[in-house]
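Residue numbers (the numbering used here): 30 to 230.
All C-beta atoms, glycine included, are put in the ideal place defined by N, C-alpha and C.
Owing to the predicted nature of the structure, the values given are computational and were not obtained by experimental measurement.
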Amino acid sequence: GDPVKAGDHPDAKSVFDLESVRLLQLITKLNQGVDFNDKPLTDQATDLFTGAAVDPQLKSWSGLQSRFERKLEAGAQFFQSQLICDFDRLEKFMVQIAAGTNKPILAGIFLLKSAKNAKFINKKVPGVNIPDEIIDRLAAADNQLQEGIKIAAEQVKLARQLCQGVHMMAVRREDLIPQILDLAGISPLQKSSPVNDLVFK
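This is the structure in structure tokens:
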């Protein structure tokens, strides 16, 4: 997860007993009916479906590959990316690292509501880099929210050509997800309820 200081409780203490790979390993064991020390659970085995984060925009390509492979080995059943704007990097990741795996990759698509919103995310969210061309496009729009919807739909179309699905992030505007999917040429299964994770058919 993100550093504690990036959240709304910056004075909270970070806990490092389990990082993502060890947590995946623990869940895999629980699904097998044993604890971390291979002792049988007093109850029945869990049935948890584990996913993990991946960041194709990471500067260290070897580090990205190593973490991806470790998470795969630890039991990750699917992966979803951080907010992604560099689709060339996503394509490179899919071809050079994710190819050959049978685990779905979901691209993180974020609904940017305004240029101010995009600048705030660039400043506050670790590992995110929304390019100036997107910020300038939002700033020049008469209706920045509608422009953000168009941008998100364009990104869904790009992701559809590269990976198995998207993780839609429309914070506090989940009601707009069906509109984004319609613009992208995809109809949500149920428009009556927001669809945050979509796997392409």
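Asked	Found
With 16 as the cutoff for other CB atoms within 10 Å, does Gln-109 come out buried or exposed?	buried
Write down the C-beta distance between Thr-52 and Glu-120 rounded to the nearest angstrom, noting that I regard them as a contact closer than 8 Å.	In the sequence under discussion, the amino acid at residue 52 is Leu, which differs from the Thr named in the question. The pair is not a contact, with the Cβ atoms about 29 Å apart (cut-off 8 Å).
Whole beta strand (DSSP E) runs in the region 116-186 with 3 or more residues, listed along the chain?	134-139
Keeping to the same chain, check which residues put their C-beta closer than 7 Å to that of Leu-55; ignore five residues upstream and five downstream.	Leu-47 and Phe-65
Please classify Asp-46: does DSSP put it in a helix, a strand, or coil?	coil
Take Leu-141 and list the residues in its own chain whose beta-carbon comes closer than 8 Å to its own, dropping the five residues that flank it on each side.	Ala-147, Ile-150, Ile-159, Ile-163, Leu-167, Gly-177, Ile-180 and Ala-181
What does a CB cutoff of less than 7 Å around Asp-115 pick up in its chain, not counting 5 residues either side in sequence?	Gln-86
Going by beta carbon distance, what residues of the same chain come within less than 7 Å of Gln-219, once the five residues before and after it are set aside?	Unreliable positioning characterises Gln-219 in this predicted model, as indicated by a pLDDT of 44, which lies under 50. A coordinate reading is not provided.
For the region 91-103 against the region 122-138, do three or more pairs of beta-carbon atoms, one drawn from each stretch, fall closer than 8 Å, so that the two count as touching?	yes
Here's the rule I'm using: 16 or more other beta-carbon atoms within 10 Å means buried, otherwise exposed. How should Leu-70 be labelled?	exposed
Restricting to Cα atoms, I'd like to know which of Glu-183, Val-200, Ala-199 and Arg-201 is closest to Ile-215.	Glu-183
Thinking just about the alpha-carbon of each residue, which of Gly-156, Ala-74 and Ser-89 is nearest to the one in Arg-126?	One detail in the question is off: residue 126 reads as Ile in this sequence, not Arg. It is Ser-89.
Please report how far the alpha carbon of Ala-103 lies from the alpha carbon of Lys-68, in whole angstroms.	18 Å
When we look at the beta-carbon of Leu-84 and count the other beta-carbons within 10 Å, is it buried (16 or more) or exposed?	Reading off the sequence, residue 84 comes out as Asp, not Leu. Per the 10 Å Cβ criterion, buried.
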